[in-house]
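In mature numbering (1 follows the signal peptide of the UniProt record, and there is no 0), the protein residues as written are -22 to -1, 1 to 182.
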């Protein structure tokens, strides 16, 4: 999930050049995100990355990784063969077809490579960018309007109560006023006559 969010941020910043207003980025700048990915992959060759991804995928899909999967993965050199091996192990354990699982696994691997190898050039942004950084904090040259540091890791950042407080500081007064003046209760549109009959307030 974190990798998916990181990828989404990089893709979003491609089109953000044309946007105005305020953009809140939770987690860090593209440089920080890429640095975090690289630090997690540091010292691992491509084969090890593939093997660990497949084992992690297998454990998430079936709540447990087959004992012999790690040993058999070491015998495979091609990523497609490793994927095929994993799918064979998962067949009959989860209610998804093999093509869906294959595409999901290949997509996850492609996203890791995209974030790791992405060449990012700082665009000139019209929008205000507010960074809400999670631990660990890293230096960045990304142009931002303001930056805040949370005291929690990325896993817990979305649930940190400091996030809405930070966002509220940068909202324009009319936005906050509109929020407080809006009825947030769910409403149900019913035919009045049918409603009265239902609750016995009107004879049929």
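Glycine residues also receive a C-beta, built at the ideal position from the N, C-alpha and C atoms.
Excluding sequence positions up to five away, which residues of its chain have a Cβ less than 7 Å from the Cβ of residue 4? Residue mapping note: residue 4 aligns to position 26 of the chain shown, counting from 1. 110, 135, 136, 141, listed in sequence order.
Measuring straight from C-alpha to C-alpha, what distance separates residue 78 and residue 60? Here residue 78 corresponds to residue number 100 of the chain shown, with the count starting at 1. Here residue 60 corresponds to residue number 82 of the chain shown, with the count starting at 1. Cα to Cα, the separation comes out at about 16 Å.
Use the C-beta contact count for residue 87: other C-beta atoms within 10 angstroms, 16 or more gives buried, fewer gives exposed. For this step, residue 87 is matched to residue 109 along the chain shown. Classified as buried, residue 87 has 16 or more neighbouring CB atoms from the shown chains inside 10 Å of its CB.
Short Cβ contact (8 Å threshold) for residue 67 with residue 48: Working through the chain shown from its first residue, we reach residue 67 at position 89. Working through the chain shown from its first residue, we reach residue 48 at position 70. The criterion of a C-beta distance shorter than 8 Å is not satisfied by residue 67 and residue 48.
Is residue 3 helix, strand or coil when you go by DSSP? As a working note, residue 3 is residue 25 in the chain shown. Here residue 3 carries a strand assignment [DSSP, helix/strand/coil].
Alpha carbon to alpha carbon, how far is residue 9 from residue 76? Give it in angstroms, no decimals. Against the chain shown, residue 76 aligns to sequence position 98. Against the chain shown, residue 9 aligns to sequence position 31. Inter-residue distance for residue 76 and residue 9 is about 36 Å (C-alpha atoms, whole angstroms).
Roughly how many angstroms separate the alpha carbons of residue 180 and residue 74, rounded to a whole number? The residue you call residue 180 lines up with position 202 of the chain shown. The residue you call residue 74 lines up with position 96 of the chain shown. Its pLDDT being 45, under 50, residue 180 is placed unreliably in this model, and the coordinates cannot settle the point.
Using C-beta distances below 7 Å, list every residue in its chain close to residue -19, excluding the 5 sequence neighbours before and after it, in chain order. If you number the chain shown from 1, residue -19 lands on position 4. With a pLDDT of 42 at residue -19, under the threshold of 50, the modelled position of that residue is not reliable, and the figure given next carries that caveat. For residue -19, the CB contacts under 7 Å within the same chain, skipping 5 residues up- and downstream, are 89 in chain order.
Based on Cα-Cα distance, which residue from 94, 129, 146 lies nearest to residue 27? Stepping through the chain shown from its first residue, residue 27 is reached at position 49. In this structure, 94 is the residue among 94, 129, 146 with its C-alpha nearest to the C-alpha of residue 27.
At the level of alpha carbons, what is the spacing between residue 52 and residue 44? Translated into the one-based positions of the chain shown, residue 52 becomes position 74. Translated into the one-based positions of the chain shown, residue 44 becomes position 66. Rounded to the nearest whole angstrom, the CA to CA distance from residue 52 to residue 44 is 14 Å.
From the DSSP output, in three-state form, read off residue 129 for me. Within the chain shown, residue 129 is the residue found at index 151, counting from 1. Strand at residue 129.
My output table needs one value for residue 61: the three-state DSSP class, helix, strand or coil. Along the chain shown, read from residue 1 onward, the residue named residue 61 stands at position 83. DSSP places residue 61 within a helical segment (H, G or I) once states are collapsed to three.
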